[in-house]
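Trainee: The structure is given below, and queries will be raised subsequently.
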DNA sequence: GGCCAGGACACCA
DNA sequence: TGGTGTCATGGC
């Protein structure tokens, strides 16, 4: 049990799962980007979207030399929407990117170094208050762009850990995050790698079948029936 | 031609 | 607070 929560894993088992994945799959080198600001924009663009499509949108921004906060704060929204069209939801995402960029410029002078000095809890609160930034996007920004020690929960995390019977299917985002934060050392490199490995497992082993047949995690702990 | 991808928000009861 | 609809392209 971790933190008295209704789950069936000990801290030692959770860490062992991480080490198993790292050994079997290898480091993922997340987040794929040339700069922390690119991570931020990528985090918005990848919402419910395949990464292949996000890469096209980012390439368009780079071609136009628009991948910087002041340019994105100033560009007309329809123009931005046209450039990020390949990533889907382009009208919504153009609005989100402009709102974040304006906030970033006004509050932190458009500097990641300045922003990173702010306390994590305050940053998270500020990010969640912005339109278009929910828990997963905020935590991705905190961990992968600002190197803050926080765990990113996504759909794969829920799917994998509930299917293996390691926690209840009705856990909230907050509960799932606490589960990992309480169970793991607060090391940015480990938290970075663990989420990336979970994403890899989700992509490659946990898509269509209700129970993954060749999942790397199967070798460590017995699978259980997925809770209904 | 249907399904899904590294979510979040609006609206409703 | 929980469930459902909407946003939208591109790959398989």
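Residue numbers (the numbering used here): 5 to 232. Every residue gets a Cβ at the ideal spot worked out from N, C-alpha and C, and that includes glycine. Quick caveat, the model's predicted, so the values are computed rather than measured.
(1) Tell me the DSSP secondary structure of residue 230 in three-state form.
(2) When burial is assigned at 16 or more other CB atoms within 10 Å of the CB, is residue 176 buried or exposed?
(3) Are residue 182 and residue 158 closer than 8 angstroms when you measure CB to CB?
(4) Report buried or exposed for residue 35, applying the criterion of at least 16 other Cβ atoms within 10 angstroms of its Cβ.
(5) Between residue 220 and the rest of its own chain, which residues show a CB-CB distance below 8 angstroms, the 5 nearest in sequence each way excluded?
(6) Would you give the residue range spanned by the alpha helix (DSSP H) that residue 105 belongs to?
(7) Taking just the CA atoms, how far does residue 13 sit from residue 55?
(8) Can you list, in chain order, the residues of its chain with a C-beta nearer than 7 angstroms to that of residue 128? Leave out the 5 residues immediately preceding and following it.
(9) Excluding sequence positions up to five away, which residues of its chain have a Cβ less than 6 angstroms from the Cβ of residue 51?
(10) Does residue 144 come out as helix, strand or coil in the three-state DSSP assignment?
(11) Which of the three DSSP states, helix, strand or coil, is assigned to residue 158?
(12) Evaluate residue 168 with the Cβ neighbour count: other Cβ atoms within 10 Å of its Cβ, from every protein chain shown; 16 or more gives buried, anything less gives exposed.
(13) Within the present structure, is the beta-carbon of residue 152 separated from the nearest heavy atom of the ligand FMN by less than 7 angstroms?
(14) Considering Cα atoms alone, identify which of 60, 80, 86, 104 is closest to residue 44.
Mentor: By the coordinates alone:
(1) Residue 230 sits at position 226 when you count from the first residue of the first chain. Per-residue confidence for residue 230 stands at a pLDDT of 36, beneath the threshold of 50, marking its modelled position as unreliable; the derived number appears in the next sentence. DSSP places residue 230 in coil when its eight states are reduced to three.
(2) Reading the first chain from its first residue, position 172 is the one you call residue 176. Exposed, by the Cβ-count rule.
(3) Start at 1 with the first residue of the first chain, and residue 182 comes out as number 178. Start at 1 with the first residue of the first chain, and residue 158 comes out as number 154. Not in contact: residue 182 and residue 158 (Cβ atoms no closer than 8 angstroms).
(4) As a first step, residue 35 must be located in the first chain, where it is residue number 31. Residue 35 is buried by the Cβ-count criterion.
(5) Position 216 of the first chain, counting from 1, holds the residue named residue 220. So the list reads 24, 25, 28, 29, 205, 209, once near-sequence residues are dropped.
(6) Position 101 of the first chain holds residue 105. In the DSSP annotation of this structure, the continuous segment of the alpha helix (DSSP H) that includes residue 105 starts and ends at 94-112.
(7) Numbered from 1 along the first chain, position 51 holds the residue referred to as residue 55. Numbered from 1 along the first chain, position 9 holds the residue referred to as residue 13. Whole-angstrom Cα-Cα distance: 31 angstroms.
(8) Your numbering for residue 128 matches position 124 in the first chain. For residue 128, where only same-chain residues beyond five positions count, the Cβ hits under 7 angstroms are 142, 146.
(9) Position 47 of the first chain holds residue 51. Within the same chain, residue 51 has no close Cβ partners at all.
(10) Position 140 of the first chain, counted from the first residue, corresponds to residue 144. In this structure, residue 144 counts as helix in the three-state DSSP scheme.
(11) Position 154 of the first chain holds residue 158. Three-state result, residue 158: coil.
(12) For the purposes of this step, residue 168 is identified with residue 164 of the first chain, where counting begins at 1. By the 10 Å Cβ count, residue 168 comes out buried.
(13) Questions concerning the ligand FMN fall outside what the structure shown contains, since it holds no ligand whatsoever.
(14) Translated into positions along the first chain, residue 44 becomes position 40. Nearest C-alpha to residue 44: 104.
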